[in-house]
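Trainee: One line per chain: the protein sequences are A and B, in this order. Numbered according to full-length UniProt numbering, the first sequence spans residues 1 to 478. Numbered according to full-length UniProt numbering, the second sequence spans residues 1 to 400. Heads up, the beta-carbon is just placed ideally off N, CA and C, and yes, glycines get one too. Note that this is a predicted model, so its numbers are computed, not measured.
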Amino acid sequence: MDELIAALHSLLPADSVITDPVRLRTYECDGLTYHRATPGVVVLPETAEQIARVVRLCNDFGVPFVARGSGTGLSGGALPREDGVLVVTAKMRRILEIDLPNRRAVVEPGVTNLAITEAVRDQGYYYAPDPSSQQVCSIGGNVAENSGGAHCLKYGFTVNHVEACEIVTPEGDLVTLDRMDPGYDLLGAFIGSEGTLGIATKITVRLSRTPEAVTTVLAAFESIEQGGQAVSAIIGAGIVPAAIEMMDALSIEAAEAAVACAYPAGAGAVLIVELDGPAAEVEQQFARLREICSAAFELRVAAGPAERAAIWKGRKSAFAAVGRISPAYIVQDGVVPRTSLPAVLAAIDRLSREHRIRVANVFHAGDGNLHPLVLFDDGTPGEGERAEVVSGAILDLCIEHGGSITGEHGVGVDKSRYMPRMFGADDLDTMQLVRCAFDPRGLSNPGKVFPTPRLCGEVPGVRKGVHPLVESGKAEQF
Amino acid sequence: MDPKLINDCVHCGFCLPTCPTYVLWGEEMDSPRGRIHLMSQHVEGTPMTPEMAGHFDACLGCMACVTACPSGVQYDRLIEQTRVVVEQEYERPPQERAVRGIVFSLFPYPRRLRMLRPTMGLARRMASFLTRVNPSLGAMTALAPRVERRERLPRVVKARGERRAVVGMLLGCVQREFFPQVNAATARVLSMEGCDVVIPPGQGCCGALSVHSGLDKQARRLASRTVRTFRKAGVDTVVVNAAGCGSSMKEYADLLGYDPGFRVMDLSEFLAELGPVAVRHPLRRTVAYHDACHLAHAQGVRAQPRELLNGIPGLELREIPDSAICCGSAGTYNLLRPEAARDLGDRKAKAVGSTGAELLVSANPGCTMQIAAAMRRAGADIKVAHTAEVLDASLRGAEL
Chain A
1 MDELIAALHS LLPADSVITD PVRLRTYECD GLTYHRATPG VVVLPETAEQ
51 IARVVRLCND FGVPFVARGS GTGLSGGALP REDGVLVVTA KMRRILEIDL
101 PNRRAVVEPG VTNLAITEAV RDQGYYYAPD PSSQQVCSIG GNVAENSGGA
151 HCLKYGFTVN HVEACEIVTP EGDLVTLDRM DPGYDLLGAF IGSEGTLGIA
201 TKITVRLSRT PEAVTTVLAA FESIEQGGQA VSAIIGAGIV PAAIEMMDAL
251 SIEAAEAAVA CAYPAGAGAV LIVELDGPAA EVEQQFARLR EICSAAFELR
301 VAAGPAERAA IWKGRKSAFA AVGRISPAYI VQDGVVPRTS LPAVLAAIDR
351 LSREHRIRVA NVFHAGDGNL HPLVLFDDGT PGEGERAEVV SGAILDLCIE
401 HGGSITGEHG VGVDKSRYMP RMFGADDLDT MQLVRCAFDP RGLSNPGKVF
451 PTPRLCGEVP GVRKGVHPLV ESGKAEQF
Chain B
1 MDPKLINDCV HCGFCLPTCP TYVLWGEEMD SPRGRIHLMS QHVEGTPMTP
51 EMAGHFDACL GCMACVTACP SGVQYDRLIE QTRVVVEQEY ERPPQERAVR
101 GIVFSLFPYP RRLRMLRPTM GLARRMASFL TRVNPSLGAM TALAPRVERR
151 ERLPRVVKAR GERRAVVGML LGCVQREFFP QVNAATARVL SMEGCDVVIP
201 PGQGCCGALS VHSGLDKQAR RLASRTVRTF RKAGVDTVVV NAAGCGSSMK
251 EYADLLGYDP GFRVMDLSEF LAELGPVAVR HPLRRTVAYH DACHLAHAQG
301 VRAQPRELLN GIPGLELREI PDSAICCGSA GTYNLLRPEA ARDLGDRKAK
351 AVGSTGAELL VSANPGCTMQ IAAAMRRAGA DIKVAHTAEV LDASLRGAEL
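(1) With respect to the beta strand (DSSP E) encompassing MET247 of chain A, which residues constitute its N-terminal and C-terminal limits?
(2) Counting contacts by CB-CB distance shorter than 7 angstroms, is residue 481 of chain B in contact with chain A?
(3) Using C-beta distances below 6 angstroms, list every residue in its chain close to THR67 of chain B, excluding the 5 sequence neighbours before and after it, in chain order.
(4) I need the boundaries of the alpha helix (DSSP H) containing CYS152 of chain A, first residue and last residue.
(5) Could you tell me the boundaries of the beta strand (DSSP E) in which VAL287 of chain B lies?
(6) Please confirm whether SER147 of chain A has its beta-carbon closer than 7 angstroms to some beta-carbon of chain B.
(7) Pick out the complete alpha helix (DSSP H) segments inside the stretch 114 to 197 of chain A, 4 residues or longer, and give them in chain order.
(8) Kindly give me the distance between the Cβ atoms of GLU358 of chain B and ARG285 of chain B, rounded to whole angstroms, as I take these residues to be in contact under 8 angstroms.
(9) Could you pull out every residue in the same chain whose Cβ sits closer than 7 angstroms to the Cβ of ARG376 of chain B, ignoring the five residues on either side in sequence?
(10) Check each candidate in B:ALA187, B:GLY161 and B:VAL147 and name the one with the smallest Cα separation from LEU170 of chain B.
(11) Within a Cβ cutoff of 7 angstroms, which residues of the same chain sit near GLU458 of chain A, ignoring the five residues on either side of it in sequence?
(12) If you compare alpha carbons, which of A:ARG209, A:VAL344 and A:HIS35 is closest to residue 480 of chain A?
(13) Just mark ALA159 of chain B as buried or exposed, buried being the case when its beta carbon has 16 or more other beta carbons within 10 Å.
(14) Which two residues bound the contiguous alpha helix (DSSP H) that contains SER354 of chain B?
(15) Output the boundary residues of the beta strand (DSSP E) element that contains LEU317 of chain B.
(16) Given this structure, state the Cα-to-Cα distance separating MET48 of chain B from VAL84 of chain B, to the nearest angstrom.
(17) Please report the distance separating the alpha-carbon of VAL166 of chain B from that of VAL384 of chain B.
(18) Can you confirm whether the stretch 301 to 320 of chain A touches the stretch 389 to 398 of chain A when touching is taken to mean that 3 or more C-beta pairs between the two stretches lie within less than 8 angstroms?
(19) Where does GLN95 of chain B land, buried or exposed, given buried means 16+ other C-beta within 10 angstroms?
(20) Can a CB atom of chain B be found closer than 7 angstroms to the CB of residue 515 of chain A?
(21) What did DSSP end up calling VAL85 of chain B once you bin it into helix, strand or coil?
(22) Excluding sequence positions up to five away, which residues of its chain have a Cβ less than 8 angstroms from the Cβ of ALA378 of chain B?
(23) On the three-state DSSP scale, how would you describe ARG104 of chain A?
(24) What does the alpha-carbon distance come out to for the pair SER10 of chain A and PRO109 of chain A?
(25) Answer yes or no: do GLY236 of chain A and GLU408 of chain A have a C-beta to C-beta separation smaller than 7 angstroms?
(26) Beta carbon of GLY214 of chain B, beta carbon of GLU87 of chain B: below 7 angstroms?
(27) Pop quiz: ALA219 of chain A and LEU275 of chain A are said to be a contact at Cβ under 8 angstroms. What is the actual Cβ separation, rounded to whole angstroms?
(28) Extract the residue ranges of the alpha helix (DSSP H) inside the stretch 190 to 270 of chain B, only unbroken runs of 4 or more that lie entirely within it.
(29) What does GLY297 of chain B touch in chain A if you count any residue whose Cβ is under 7 angstroms from its own?
(30) What's the C-alpha gap between ASP343 of chain B and PRO342 of chain A?
(31) Closer than 7 angstroms, CB to CB, is SER40 of chain B near chain A or not?
(32) Going along chain A in order, which residues have a C-beta closer than 8 angstroms to the C-beta of LEU52 of chain B?
(33) Measuring CA to CA, which of B:CYS245, B:MET192 and B:THR82 is closest to SER394 of chain B?
(34) So, do the stretch 120 to 140 of chain A and the stretch 68 to 76 of chain A have three or more beta carbon pairs nearer to each other than 8 angstroms?
(35) At the level of alpha carbons, what is the spacing between ARG33 of chain B and PHE14 of chain B?
(36) Using the rule of at least 16 other Cβ atoms within 10 Å of the residue's Cβ for burial, across every protein chain shown, is SER247 of chain B buried or exposed?
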């Protein structure tokens, strides 16, 4: 490692290579604090060329590397390696080009999601995917995780809004993957690969036209069942809103404590429904929506951008806001078919009572993407473990109902152990073949996504000592 | 560094884009989340290394992160506690100690500042020489404003017309010595709006600079003196026109451990609550309003000054992009950390310039000096004024 650090120093300015142990520890985790590892060394490159050279050095020394953007991920995708290099893209935040006639912008990976929208908003454009952390999460991280957000119901995920990526491959080559390239959709494979297929260094995103009309409605229901029925009815009526979000009483309480969002008092659930598009269409859909939500005891319509922001504020801050009502919590992320929502929610409620662990439900109801927040007190012995059990059981529920273990937060280190529950050995082997095609030496973010080293994926020579996942009992080596 | 307060942080990172040093450098340990991590390392037993102290010192204390935090982390209290620990446990290099010595034995003392007044013209001409001696000295001189003639304020300014309130008024240190016209305008505006303004003589520093720098003892001494002064004056509301002073005075109960016996309000907060009665004369100006961090983030006062400015006929208010990001002044920061402060000042100057406004209005003397200096550097001199001066001009029907 010392030789590698010396080599890194010759590559990068002194303050872009972090080796001080106290500083290194501030990078020990991303948005998921449950998993921690102090990186061997942190580098903060400012150009793609620098990243490529860092990666080539890692290859020369056989040392693994992990990319990190703003460090807001919720699956531990950017968990560092103690024996590796953490490549932080936070200094690469220039918007390189805005090409409105072609509705594209070219940005560096450290640019925040919201910064893209802010740069083109006045011209009537925006970048559609909007994770709740959009003011801080980096576009490079969005590409790695194929991030979604509340509006993905109508507009799709990151993968639907990226036209091209310049990447540094795991072997250190600088190449461009373009949507227009004939042949295999390598860009599609890269997006959502969670840092295992290389590091994005330049991203061409698609810009969308700001819709002519937007109507945001907050509907308050007495119970979560009523809310769930309204969701099914909306979709059943052929309406595709830009977003349908649901929050239960506990998460409303948290949001209220945090940002005083003033949602209707006494609500068992609120639905946030956003309709957008041509004014006539929005108006007609809104009339339909009003009929469908007749069970709601209050229906609030945002009068302007300020009121719309106020409605969204409660929802967008919900995860972190839970910190106000619980010392610790796990943000879970799973998907179920929309029609299974009521059954799954009832089952979550049973789990919660059975294990005496509170679960707050916030979710993208439109596409069945659940975000149960499993609350616990880390000061009370045994509660953390019980929360873990509940959290895992929720994922089992999702799989049982034909859903998925992650909707948008990624697998990372946190859910790799659930992959075999969702996929058979052949599936996982096939995925490894793809990975090996990009990363034959297994240096690019090893230990993520896949439960166990298989095939050529993770070369034993790279790892020193016992794999941290094996050590923590989350994986077994065979 | 209260571990309970530290544990409130859930590591979500929503504070990062609002933190001026993270905006500048993009490094985790110079973000609020990173600094809280450093605090927890210290609580767990890691000694206060020079690196650690450096990251705490680099924090401007702008509190933008407090506004942004969805989990309600009291970073303001955390960093104040931390600064006290830094002072106790970390020995700074000699040159840094010397600069801090000058700053903290000068700025909280209005009389000592007064002695500087005649030298300020000369100091500005010596700025480039002094910068070479020490960047902090250079910054001090480059920031020096053109001082106006002192105006001696009486002990009581009587209300004009019907009396609606009796208020105490804090003169501040830098405000009093370098911006006497702001205090005069404040007293006039309050009087014209129907307030008896009590200005107790013998006011010293409120202790804000010391609180924000971890000088616990000095802070308590100055604060308790200020409390005694205003208690003796017998007012139940003290109006403050300097954001940094106001935010610290609102925390007196925490600092001193007892209730000071009067409420503290920012001038704009007070006027908005009181409601306007005096006639506003038109002022045909385009104005960019700058949110002082200690007003917007620390006191949550954003709407009131805008409301007051918008109440002036003919005045056009323009918003400054990225208004939540600090200008780099931050109390004594621009003196102690001149390079970082300069970078932030330049960013702010650019943002202010983009509004095309003729006049920059702010409610904190530090911000005014900092942004004016940055605008001068960029060759885009802009007229600056305090909210009180703009209101005063409108109420009197005078030019600004």
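Mentor: The short version:
(1) Position 247 of the first sequence, counting from 1, holds the residue named residue 247 of chain A. Start and end: 243 to 248.
(2) For residue 481 of chain B there is no data in the structure shown, the boundaries of chain B being 1 and 400.
(3) Residue mapping note: residue 67 of chain B aligns to position 67 of the second sequence, counting from 1. Cβ contact annotation for THR67 of chain B (same chain, cutoff 6 angstroms, sequence separation greater than five): HIS297, in chain order.
(4) As a first step, residue 152 of chain A must be located in the first sequence, where it is residue number 152. Residues 152 to 155.
(5) Here the question's residue 287 of chain B lines up with position 287 in the second sequence. Note, VAL287 of chain B: beta strand (DSSP E), 286 to 289.
(6) Locating residue 147 of chain A in the first sequence gives position 147, where the first residue counts as 1. Taking Cβ atoms only, chain B never reaches closer than 7 angstroms to SER147 of chain A, which makes this a no.
(7) 139 to 145, 152 to 155 and 186 to 190
(8) Here residue 358 of chain B refers to the residue found at position 358 when the second sequence is read from its first residue. Here residue 285 of chain B refers to the residue found at position 285 when the second sequence is read from its first residue. Sure, about 6 angstroms apart at Cβ, within 8 angstroms.
(9) As a first step, residue 376 of chain B must be located in the second sequence, where it is residue number 376. Counting only Cβ-Cβ distances below 7 angstroms, and skipping sequence neighbours, we find nothing.
(10) Within the second sequence, numbered from 1, the residue matching residue 170 of chain B stands at position 170. That would be B:ALA187, whose Cα lies nearest to the Cα of LEU170 of chain B.
(11) Numbered from its first residue, the first sequence carries residue 458 of chain A at position 458. Note that GLU458 of chain A scores 43 on pLDDT, short of 50, meaning its location in the model is unreliable; the coordinates nonetheless yield the value given after this. If we look at GLU458 of chain A and ignore the five residues flanking it on each side, its Cβ neighbours are GLY442 and PRO446.
(12) With chain A covering 1 to 478 only, the question about residue 480 of chain A has no answer from this structure.
(13) Within the second sequence, residue 159 of chain B is the residue found at index 159, counting from 1. The residue is buried, with at least 16 neighbouring Cβ atoms inside 10 Å.
(14) Residue mapping note: residue 354 of chain B aligns to position 354 of the second sequence, counting from 1. Residues 338 to 355.
(15) Taking the first residue of the second sequence as 1, we reach residue 317 of chain B at position 317. Counting along the chain, the beta strand (DSSP E) containing LEU317 of chain B begins and ends at 316 to 319.
(16) Numbered from its first residue, the second sequence carries residue 48 of chain B at position 48. Numbered from its first residue, the second sequence carries residue 84 of chain B at position 84. In this structure, the straight-line span from the alpha carbon of MET48 of chain B to that of VAL84 of chain B is close to 12 angstroms.
(17) Position 166 of the second sequence, counting from 1, holds the residue named residue 166 of chain B. Position 384 of the second sequence, counting from 1, holds the residue named residue 384 of chain B. Rounded to the nearest angstrom, the two C-alpha atoms are 29 angstroms apart.
(18) no
(19) Within the second sequence, numbered from 1, the residue matching residue 95 of chain B stands at position 95. Per the 10 Å Cβ criterion, exposed.
(20) Residue 515 of chain A cannot be examined here, being either before or after the span of chain A that is shown, 1 to 478.
(21) Taking the first residue of the second sequence as 1, we reach residue 85 of chain B at position 85. Of the three classes helix, strand and coil, the one that applies to VAL85 of chain B here is helix, per DSSP.
(22) In the second sequence, residue 378 of chain B corresponds to position 378, counting from 1. Answer for ALA378 of chain B: ASP346, ALA349, LYS350 and GLY353, listed in chain order.
(23) By one-based count along the first sequence, residue 104 of chain A stands at place 104. Note: ARG104 of chain A maps to strand in three-state DSSP.
(24) On the first sequence, residue 10 of chain A is found 10 positions in, with the first residue counted as 1. On the first sequence, residue 109 of chain A is found 109 positions in, with the first residue counted as 1. About 24 angstroms.
(25) Taking the first residue of the first sequence as position 1, residue 236 of chain A is located at position 236. Taking the first residue of the first sequence as position 1, residue 408 of chain A is located at position 408. Going by C-beta atoms, GLY236 of chain A is not nearer than 7 angstroms to GLU408 of chain A.
(26) Against the second sequence, residue 214 of chain B aligns to sequence position 214. Against the second sequence, residue 87 of chain B aligns to sequence position 87. Going by C-beta atoms, GLY214 of chain B is nearer than 7 angstroms to GLU87 of chain B.
(27) Residue numbering aside, residue 219 of chain A sits at position 219 when the first sequence is read from its first letter. Residue numbering aside, residue 275 of chain A sits at position 275 when the first sequence is read from its first letter. Going by Cβ atoms, the distance from ALA219 of chain A to LEU275 of chain A rounds to 12 angstroms, so no, they are not a contact pair.
(28) List check, alpha helix (DSSP H) in window: 208 to 211, 216 to 233, 243 to 249 and 252 to 256.
(29) Numbered from its first residue, the second sequence carries residue 297 of chain B at position 297. According to the sequence provided, residue 297 of chain B is His. The question's Gly does not apply to it. In chain order: nothing, as chain A lies at least about 15 angstroms away.
(30) Along the second sequence, one-based indexing puts residue 343 of chain B at 343. Along the first sequence, one-based indexing puts residue 342 of chain A at 342. Rounded to whole angstroms, ASP343 of chain B to PRO342 of chain A spans 54 angstroms at the Cα level.
(31) Here residue 40 of chain B is taken as the residue at index 40 of the second sequence, counted from 1. No, no contact with chain A.
(32) To locate residue 52 of chain B, count along the second sequence from 1; it is residue 52. The amino acid occupying residue 52 of chain B in the given sequence is Met; Leu does not appear at that position. Going along chain A in sequence order, the residues near MET52 of chain B (Cβ under 8 angstroms) are VAL22.
(33) As a first step, residue 394 of chain B is located in the second sequence; it is residue number 394 there, counting from the start. Closest option to SER394 of chain B, Cα to Cα, is B:MET192.
(34) yes
(35) Walking along the second sequence from the start, residue 33 of chain B turns up at place 33. Walking along the second sequence from the start, residue 14 of chain B turns up at place 14. Spanning the alpha carbons of ARG33 of chain B and PHE14 of chain B requires a straight line of approximately 9 angstroms.
(36) As a working note, residue 247 of chain B is residue 247 in the second sequence. Per the 10 Å Cβ criterion, buried.
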